[in-house]
Amino acid sequence: MKKRLIKYIRMLEKGIIGISIELIYPLIVTISAFLFCLIMFISEISFR
Amino acid sequence: MIPDFSKDDITVVSHHIGKIFIAFGMVQIIPIFIGLICGEISAVIDFFISIIACFAFASILLYFSPYLQEINWRQGMIIVSLSWLLAMFFSALPLFLSGHYGCYLDACFESMSAYATTGLVLVQDLDHMSYAHNIWRHLMCFLGGQGIILVALVFFFRGGDALRIYVGEARDDKILPNSITTAKFIWMVSLTYLVIGSLMLATVLLFHKVSLPRALFHGICIFMAGWDTAGFAPQSLNIIYYHCPFFELITIIIILLGATSFGVHYAVWTGKFSELREDFEVKVLMSTIFFTYFIVLVGFSGQASLFSDAFSFFRTTFYQLISGHTGVGYNNIYSSELANWPELALFGVIVAMGIGGCTNSTAGGIKVFRIGLLYKSIKREVRRLAYPESSYIKEFFHHQREISIDDTMVKTAMIITVCYILLYLSGAVVASFFGYGFFNGLFESVSAAANVGLSVGITSPSMPAFLKVWYIIEMWTGRLEFFAIFILIRFFVKTVKR
Numbered sequence: 129m130k131k132r133l134i135k136y137i138r139m140l141e142k143g144i145i146g147i148s149i150e151l152i153y154p155l156i157v158t159i160s161a162f163l164f165c166l167i168m169f170i171s172e173i174s175f176r
Numbered sequence: 036m037i038p039d040f041s042k043d044d045i046t047v048v049s050h051h052i053g054k055i056f057i058a059f060g061m062v063q064i065i066p067i068f069i070g071l072i073c074g075e076i077s078a079v080i081d082f083f084i085s086i087i088a089c090f091a092f093a094s095i096l097l098y099f100s101p102y103l104q105e106i107n108w109r110q111g112m113i114i115v116s117l118s119w120l121l122a123m124f125f126s127a128l129p130l131f132l133s134g135h136y137g138c139y140l141d142a143c144f145e146s147m148s149a150y151a152t153t154g155l156v157l158v159q160d161l162d163h164m165s166y167a168h169n170i171w172r173h174l175m176c177f178l179g180g181q182g183i184i185l186v187a188l189v190f191f192f193r194g195g196d197a198l199r200i201y202v203g204e205a206r207d208d209k210i211l212p213n214s215i216t217t218a219k220f221i222w223m224v225s226l227t228y229l230v231i232g233s234l235m236l237a238t239v240l241l242f243h244k245v246s247l248p249r250a251l252f253h254g255i256c257i258f259m260a261g262w263d264t265a266g267f268a269p270q271s272l273n274i275i276y277y278h279c280p281f282f283e284l285i286t287i288i289i290i291l292l293g294a295t296s297f298g299v300h301y302a303v304w305t306g307k308f309s310e311l312r313e314d315f316e317v318k319v320l321m322s323t324i325f326f327t328y329f330i331v332l333v334g335f336s337g338q339a340s341l342f343s344d345a346f347s348f349f350r351t352t353f354y355q356l357i358s359g360h361t362g363v364g365y366n367n368i369y370s371s372e373l374a375n376w377p378e379l380a381l382f383g384v385i386v387a388m389g390i391g392g393c394t395n396s397t398a399g400g401i402k403v404f405r406i407g408l409l410y411k412s413i414k415r416e417v418r419r420l421a422y423p424e425s426s427y428i429k430e431f432f433h434h435q436r437e438i439s440i441d442d443t444m445v446k447t448a449m450i451i452t453v454c455y456i457l458l459y460l461s462g463a464v465v466a467s468f469f470g471y472g473f474f475n476g477l478f479e480s481v482s483a484a485a486n487v488g489l490s491v492g493i494t495s496p497s498m499p500a501f502l503k504v505w506y507i508i509e510m511w512t513g514r515l516e517f518f519a520i521f522i523l524i525r526f527f528v529k530t531v532k533r
């Protein structure tokens, strides 16, 4: 019973870390896209 | 001699469709429950009629077609494609009874759009639709994105039957050894994110002084349509209604997760965190997002100063792009504004929509996996030509494990890609025939066939009936990735000939 509980807690722990990582990855994509857009916007404004 | 379709095929197909329709009728208890809570008696009656229709249909099929044998591959394909078509007709019933649709065809269009997770809508006066009917629209998106069959799979099918139906629904990744446990895992991921995503969205709405029940209703609806890359919203203004950048950011998180393969979710949830960085599909998805976004930004060159600042420029352009690429179709600008975008920027969105998300996710389109595979095969051919004739060239990619590219894989990817391109072009030609212009027609056609839902204004209740039917076919064919439909057509032709 105790072994099973420990196994379940470990699985839950991995799951929670996994979900947290998954939630961060779209944020990284969005921030990178924003920086990319910012560079394009600034270069556009400065050259025209 | 190749075995042809027999009477047994009809019995087996009818029996399993009957089973699916029991599950399908049971699902409609949810909108009845919502209708009872909200005191929407006429909506409850609409769903009662629909449930009775489903159960009656299922009973007739099960009565006349007893269980004969395990289903084979082609029967699995026919069951899937026919179930989707029949589900469209039956799901349209409560929608049509709601009085928000001009005709039954419009209601059918909406239900196919929901099941195929497209998001193109023909509903009229959405803002005054009952909660029960509105939740049904979003629930259809959720069921369609997961796979209608996946609902029935968990409860009603056995091992061999389950696998053949599972593959028929354009899912080829078996995450776990058994397709029923795979279906259960997919449901577990989706339901976990349903709780997390809905709460996140509802919290943002609560900060904007929206009442708790309304915030939860909007949170759940937007999550279901976002996660399953459908793009429906409870209000006619779609995401514009919320006027909130933070809300839009959360939807971006949800739609990107929805467009990610369930195989990657499984790996990350079981502790293989590096899979998110190493997976071939995720890498290709990131590359195509930035490549198509670059096209959109170049398309706006000379016009960026029209935006007040870099943030509003980013908010407008990136949201449409990511929404198109993942196949969601949420929009934070009006269709008329999108139609006025520079042609190159629109072309960037068309390419993104055409490519779509990951395989074995809820996204539509050609899929980044096939695009990546074609790129790798070109690379392999170039290396083969550059190296001495005696050398043996191998190309690998990482998709849960190291996989070597073989010719069969490339051939399948090529066939499906060509089918998609032809489907995209066919819709554009049909729209051109009705005077909408080839470019706008292409945008709308790609949006329908790749199950996206962005619109430049062609999709409306007043568009020609033939075009509505054509888009229904595009949505259906695009969602099931051709082969199940081709086998169904062959089945009908052979049955009629007999």
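Residue numbers (our numbering), protein chains in the order written: chain A, 129 to 176; chain B, 36 to 533. Cβ coordinates follow ideal geometry from the N, Cα and C atoms, glycine included.
Are the beta-carbon atoms belonging to residue i and residue j less than 8 Å from one another?
i: residue 157 of chain B; j: residue 177 of chain B; result: no
i: residue 236 of chain B; j: residue 297 of chain B; result: no
i: residue 160 of chain B; j: residue 110 of chain B; result: no
i: residue 99 of chain B; j: residue 49 of chain B; result: yes
i: residue 481 of chain B; j: residue 389 of chain B; result: yes
i: residue 85 of chain B; j: residue 104 of chain B; result: no
i: residue 149 of chain B; j: residue 265 of chain B; result: yes
i: residue 400 of chain B; j: residue 362 of chain B; result: yes
i: residue 334 of chain B; j: residue 377 of chain B; result: yes
i: residue 325 of chain B; j: residue 164 of chain A; result: yes
i: residue 458 of chain B; j: residue 509 of chain B; result: yes
i: residue 284 of chain B; j: residue 392 of chain B; result: no
i: residue 384 of chain B; j: residue 331 of chain B; result: yes
i: residue 269 of chain B; j: residue 169 of chain B; result: yes
i: residue 66 of chain B; j: residue 174 of chain B; result: yes
i: residue 488 of chain B; j: residue 364 of chain B; result: yes
i: residue 327 of chain B; j: residue 386 of chain B; result: yes
i: residue 479 of chain B; j: residue 467 of chain B; result: no
i: residue 92 of chain B; j: residue 56 of chain B; result: yes
i: residue 380 of chain B; j: residue 409 of chain B; result: no
i: residue 128 of chain B; j: residue 88 of chain B; result: yes
i: residue 274 of chain B; j: residue 375 of chain B; result: no
i: residue 455 of chain B; j: residue 483 of chain B; result: no
i: residue 486 of chain B; j: residue 227 of chain B; result: no
i: residue 106 of chain B; j: residue 95 of chain B; result: no
i: residue 286 of chain B; j: residue 261 of chain B; result: yes
i: residue 507 of chain B; j: residue 259 of chain B; result: no
i: residue 225 of chain B; j: residue 255 of chain B; result: no
i: residue 288 of chain B; j: residue 154 of chain A; result: yes
At a threshold of 7 Å, does residue i count as lining the ligand SAM (C-beta to nearest heavy atom)?
i: residue 484 of chain B; result: Although the ligand SAM was asked about, the structure shown includes no ligands whatsoever.
So is residue i in contact with chain C if we call contact Cβ pairs under 8 Å?
i: residue 134 of chain A; result: Protein chains A and B are contained in the structure displayed, whereas chain C is not.
For the region 490 to 508 of chain B against the region 129 to 144 of chain B, are there 3 or more C-beta pairs whose distance is under 8 Å? yes
Under 8 Å, with one C-beta from each stretch per pair, do the region 162 to 175 of chain B and the region 520 to 531 of chain B reach the 3-pair mark? no
Which full runs of the beta strand (DSSP E) of 3+ residues lie inside the region 431 to 512 of chain B, going along the chain? 431 to 433 and 437 to 439
Stretch-stretch touch, CB-based, cutoff 8 Å, three pairs: the region 370 to 378 of chain B with the region 486 to 497 of chain B: yes
Residue ranges of each alpha helix (DSSP H) within the region 246 to 299 of chain B, 4 or longer: 247 to 262 and 280 to 293
Note down, in chain order, all residues in the region 322 to 334 of chain B with a beta-carbon under 9 Å from any beta-carbon belonging to chain A. 324, 325, 328, 329, 332 and 333
Counting Cβ pairs, one atom from each stretch, are 3 or more of them under 8 Å apart for the region 439 to 448 of chain B and the region 354 to 361 of chain B? no
What are the start and end residues of each continuous alpha helix (DSSP H) run of 4 or more residues lying completely inside the region 48 to 100 of chain B, in chain order? 64 to 73 and 76 to 99
For the pair the region 76 to 90 of chain B and the region 128 to 135 of chain B, tell me if three or more CB-CB distances fall below 8 Å. yes
Alpha helix (DSSP H) runs contained entirely in the region 117 to 164 of chain B, provided each spans 4 or more residues: 139 to 150
Flag this pair as touching only if the region 144 to 154 of chain A and the region 297 to 314 of chain B have three or more C-beta atom pairs under 8 Å; answer yes or no. yes
Chain A contacts made by the region 431 to 463 of chain B, where a contact means CB separation under 8 Å: none
Three-pair Cβ contact test at 8 Å for the region 339 to 348 of chain B versus the region 286 to 296 of chain B: no
Pair every Cβ in the region 66 to 73 of chain B with every Cβ in the region 165 to 172 of chain A, then say whether three or more of these pairs are closer than 8 Å. no
Flag this pair as touching only if the region 242 to 255 of chain B and the region 215 to 228 of chain B have three or more C-beta atom pairs under 8 Å; answer yes or no. no
Relative to chain A, which residues along the region 356 to 388 of chain B have a C-beta separation below 7 Å, given in chain order? none
Using a Cβ-Cβ cutoff of 8 Å, what residues of the region 145 to 157 of chain A are near chain B? List them in chain order. 145, 146, 147, 149, 150, 151, 153, 154, 155 and 157
Runs of alpha helix (DSSP H) wholly within the region 336 to 420 of chain B (minimum 4 residues, chain order): 345 to 360, 370 to 374 and 378 to 390
Contact list for the region 274 to 295 of chain B against chain A, Cβ threshold 7 Å: 284, 287, 288, 291 and 292
Along the region 245 to 277 of chain B, what residues have a CB closer than 9 Å to any CB found in chain A? none
For the region 108 to 125 of chain B, which residues have a beta carbon sitting closer than 7 Å to at least one beta carbon of chain A? none
Contacting positions in the region 333 to 348 of chain B - beta carbon closer than 9 Å to chain A: 333, 335, 336, 337, 338, 339, 340, 342, 344, 345, 346 and 348
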